[in-house]
Each structure stands twice: as C-alpha cells, then as structure tokens.
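A short write-up of the structure that comes next.
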Amino acid sequence: NAGVTQTPKFQVLKTGQSMTLQCAQDMNHEYMSWYRQDPGMGLRLIHYSVGAGITDQGEVPNGYNVSRSTTEDFPLRLLSAAPSQTSVYFCASSYTRGTGNTGELFFGEGSRLTVL
Amino acid sequence: AQSVAQPEDQVNVAEGNPLTVKCTYSVSGNPYLFWYVQYPNRGLQFLLKYITGDNLVKGSYGFEAEFNKSQTSFHLKKPSALVSDSALYFCAVRDTSNTDKLIFGTGTRLQVFP
Numbered sequence: 001n002a003g004v005t006q007t008p009k010f011q012v013l014k015t016g017q018s019m020t021l022q023c024a025q026d027m028n029h030e031y032m033s034w035y036r037q038d039p040g041m042g043l044r045l046i047h048y049s050v051g052a053g054i055t056d057q058g059e060v061p062n063g064y065n066v067s068r069s070t071t072e073d074f075p076l077r078l079l080s081a082a083p084s085q086t087s088v089y090f091c092a093s094s095y096t097r098g099t100g101n102t103g104e105l106f107f108g109e110g111s112r113l114t115v116l
Numbered sequence: 001a002q003s004v005a006q007p008e009d010q011v012n013v014a015e016g017n018p019l020t021v022k023c024t025y026s027v028s029g030n031p032y033l034f035w036y037v038q039y040p041n042r043g044l045q046f047l048l049k050y051i052t053g054d055n056l057v058k059g060s061y062g063f064e065a066e067f068n069k070s071q072t073s074f075h076l077k078k079p080s081a082l083v084s085d086s087a088l089y090f091c092a093v094r095d096t097s098n099t100d101k102l103i104f105g106t107g108t109r110l111q112v113f114p
C-alpha cells in the first residue's frame, strides 16, 4: 500500500537554484494538491489539480509551478529558490473533487526543503 | 474571509484524563469540518469529519468531535487520553466558495503526560 509517495524527503538548495518535488499516488485519485507547512501558519495550499491536464492556484502559488500530465503524478517545481521557500511540503490527494469532495485527504510523508 | 481558528498552541493533559482541543470556524453556508492528526515527521492523517446530521461525530483512535452551530465550534474530544495521542492536531473546513479547497487551522500540539 504505497498511497502518496513524495521524493526527496530532504533537500538543501542555494538561493536561485531550481528543483522539482515529486509526488505520485497509486489510488487513482482525481484530486491532488500541494501544501506547505510553516510554524504558526498551519498548512497553506500552493496549487491543486482536479484531474489530468487541469491545475489551479491555491493560497500561496507565487514561486511555484505545477503540471498534471497523468492521474498519478503531480510534481511541484521551484524555478528560482528563495529562503522564504524554506518549509515542509506535503502532497495530498483525494477521491473526489468539488461538491463531492468530502475532505478526506491522503497525505504524503513530506519533503523538508532548506534554501540557503 | 472564510477561516478556522485554533486558539491554543498547546494543550497539556495527564494520561487517563479527558482532553479537548478547540476549533472555531467562520464560513458562509453549511460547513464541512474535519480533524487531522500529525505524528512527528509524518504526514497528516484524517481523524473524523462533520458533514451533516448528528452533532457528535466519532472518529479514529477513540476521538470524537462536537459540532455546535450557534457557537461555530467543532471541538475535538477524547474521554481518556493516552501518551500515544501526543501529536499535532489540525482542524479544517471546506471552503464553501471553492469546494476544491480545504482551509486549515494553525494546529494545536497535544502533550499527554504519563
């Protein structure tokens, strides 16, 4: 039972470098999303996708890009990393979207990113 | 703006005592409310949800939550705390203006002492 798999678990970047956080789910979920978790801020939605070929912005999308070419994968790209992007990133998925979304998100284990 | 508030950063309770973790919400329309738990160095796990119906909902690991519409609250409770319940707890509400989004609170750290 793989569920939601995130890689890498840890990453250190220098300011200006780029990288991609990978997320894959094997549950055939339509809905996938990326959150960042910061102390005292809770979880904030970065981007989400309601199906292959469809993405939309969340609460804090600046500095991040996403794509959804398959149902299984939802990578998050940092094009030019900044220290403000130091955070723990979580990918989450769920069975349904919209009014059918009852909110039972399945989370990955997280990716801890440090930008120097 | 729609929001969720968790007024306590940390809750301390002795093992065997009842526990309450507080959550209040602000949304337009009927709320869909959730509790998630995060153990150290892990992702969040779904605990329970309120969609409609009985105001007292039961979830995983013996937890329950009480929906109170007049007080706009959804407090998490457990009759007898365990040391293993120590974790970070998040309340969340579905955004009624965009039902593809969940709005999370800032989290409450529960510490259960032996």
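Protein sequence lines correspond, in order, to chains H and W. The numbering of the first sequence is my numbering, which starts it at 1 and goes up by one. The numbering of the second sequence is my numbering, which starts it at 1 and goes up by one. Just so you know, even glycine gets a beta-carbon here, dropped at the ideal spot from N, CA and C.
Original post:
Smallest Cα separation from serine 69 of chain H: which of H:Thr96, H:Gln85, H:Val12 and H:Gln22?
Top reply: Nearest option by C-alpha distance: H:Gln22.
Original post:
Per DSSP, which one or two residues make a beta bridge with arginine 68 of chain H?
Top reply: Residue pairing by DSSP leaves arginine 68 of chain H without any beta bridge partner.
Subject >> C-beta contact flag for valine 4 of chain H and serine 87 of chain H at 7 angstroms >> reply: Contact flag unset, no.
**OP:** Name the one or two DSSP bridge partners that glycine 51 of chain H has.
**Re:** DSSP lists H:Ile54 as partners of glycine 51 of chain H.
Subject >> DSSP state of serine 70 of chain W mapped onto helix, strand, coil >> reply: When DSSP states are grouped into helix, strand and coil, serine 70 of chain W belongs to the coil group.
Original post:
Given asparagine 65 of chain H, which residues of its chain have a CB within under 6 angstroms of its CB, disregarding the five upstream and five downstream residues?
Top reply: These residues qualify, in order along the chain: Arg77.
Original post:
What are the residues of the segment 98 to 111 of chain W that lie near chain H, defined by any Cβ-Cβ distance shorter than 7 angstroms?
Top reply: Of all residues in the segment 98 to 111 of chain W, Thr99, Asp100, Lys101, Leu102, Phe104, Gly105, Thr106 and Gly107 have a Cβ within less than 7 angstroms of some Cβ in chain H.
**OP:** Determine, using beta carbons only, whether phenylalanine 74 of chain W comes closer than 7 angstroms to chain H.
**Re:** Interface annotation, phenylalanine 74 of chain W: not in contact with chain H, CB-CB separation never under 7 angstroms.
Original post:
In three-state DSSP terms, what is lysine 25 of chain W?
Top reply: Checking the sequence, you will find tyrosine at residue 25 of chain W rather than lysine. In the structure shown, tyrosine 25 of chain W sits in a strand (DSSP, three-state: E or B).
**OP:** Return the residues of the segment 40 to 64 of chain W that lie within a Cβ-Cβ distance of less than 9 angstroms from chain H, sorted by chain order.
**Re:** Flagged, chain order: Asn41, Arg42, Gly43, Leu44, Gln45, Phe46, Lys49 and Ile51.
Subject >> Beta-carbon proximity list for glutamine 85 of chain H, same chain, < 7 angstroms, skipping 5 on both sides >> reply: If you ignore the 5 residues before and after glutamine 85 of chain H, its C-beta comes within less than 7 angstroms of the C-beta of Gly63, Leu78, Leu113 and Val115, all in its own chain and listed in chain order.
Original post:
Are the Cβ atoms of valine 93 of chain W and leucine 33 of chain W separated by less than 7 angstroms?
Top reply: With contacts defined by Cβ atoms closer than 7 angstroms, valine 93 of chain W and leucine 33 of chain W form a contacting pair.
**OP:** Can you say whether isoleucine 54 of chain H is buried or exposed, counting buried as having 16 or more other CB atoms within 10 angstroms of its CB?
**Re:** An exposed status is given to isoleucine 54 of chain H, since fewer than 16 other beta-carbon atoms sit within 10 Å of its beta-carbon.
**OP:** Note down, in chain order, every chain H residue with its Cβ under 7 angstroms from the Cβ of phenylalanine 67 of chain W.
**Re:** Here the premise fails: no neighbours, minimum Cβ distance about 14 angstroms.
Subject >> Where the segment 38 to 49 of chain H meets chain W: residues whose CB sits under 8 angstroms from a CB there >> reply: Contact residues of the segment 38 to 49 of chain H toward chain W are Gly40, Met41, Gly42, Leu43, Arg44, Leu45 and Tyr48 (C-beta to C-beta distance below 8 angstroms).
**OP:** Could you tell me whether the segment 18 to 32 of chain H touches the segment 69 to 84 of chain W, using the rule of 3 or more Cβ pairs below 8 angstroms?
**Re:** No, the segment 18 to 32 of chain H does not touch the segment 69 to 84 of chain W.
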